[in-house]
Amino acid sequence: MKKPEEEVLWQQLMDTLNALDDAGLNVHFGDRMGPETDWRTAPHVYAGNRHGGTHVAWDRKKRCWVIEHS
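Each residue of the sequence shown is one higher than the one before, starting from 463 at the first, in this note's numbering.
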């Protein structure tokens with residue numbers, strides 16, 4: 463059984479994803495690997511219909527999600 467505070471966090475994520483979709487952003491989830499990730503896979507989220515747009519990626523060194531602008 464989930465803790466009530468976890469349920470709130472999942473609800474907030476769902477609301478945010480729905481807001482991005484409502485704004486016309488085609489949200490995609492993926493993994494990437496390269497020198498910026500020390501050649502390990504790292505998750506990232508991006509708008510598939512916005513070439514060169516903003517990405518949100520997991521920063522392995524900072525151990526948090528960060529916004530990246532292409």
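Beta carbons: idealized from backbone N, C-alpha and C, even for Gly.
Quantities reported herein were computed from a predicted structural model and do not represent experimental measurements.
Let's see if you can read the secondary structure: which residues bound the alpha helix (DSSP H) around E467? P466 to D484
Which residues in the same chain have their Cβ closer than 8 Å to the Cβ of D483, if we skip the five residues on either side of it in sequence? V489
Rounded C-beta distance between A504 and W520? I'm assuming under 8 Å. 5 Å
Comparing C-alpha positions only, which one of R512, G492 and D500 sits nearest to K523? D500
Which residue comes first and which comes last in the beta strand (DSSP E) that contains W505? The sequence shown places Pro at residue 505, rather than the Trp named in the question. Start and end: A504 to A509.
Measuring only the C-alpha atoms, how far is N511 from E467? 33 Å
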